[in-house]
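Read through the structure below, which is laid out as structure tokens, and then see the notes.
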Amino acid sequence: MDKIKFILAVIVVILAALGLFVAVGFIYSLVFYVFVFAVVGLAGYVAFKVFTKPGEKQLRAPDPQKQLDKVQRLLDEYKKK
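Residue numbers are given in my numbering: position 74 of the sequence shown equals residue 74, and the series is strictly consecutive.
Right, here's the structure in full:
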């Protein structure tokens, strides 16, 4: 009876180790695929930013000096009234 218990204990230990290896491999593959998708996404984002034309917002960026001149003109007009 002791031999059977020993053999069963060894089989349980082997199966537990195999289960642990499967779990570690699964987690490793998940981390790897997340990393690969992140690299591909980053490359796509950079390519999109590099190869697209700037939007209207970037073409017509406000000039601080022009805004200051507008404020000065408005103040002058207000003072005249």
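All C-beta atoms, glycine included, are put in the ideal place defined by N, C-alpha and C. Keep in mind it's a predicted model, so treat the numbers as computed, not measured.
For LYS66, the enclosing alpha helix (DSSP H) has its first and last residue at 64-80.
Per DSSP, LYS49 is one residue of the alpha helix (DSSP H) stretching across 2-51. Inter-residue distance for ILE14 and GLY25 is about 16 Å (C-alpha atoms, whole angstroms).
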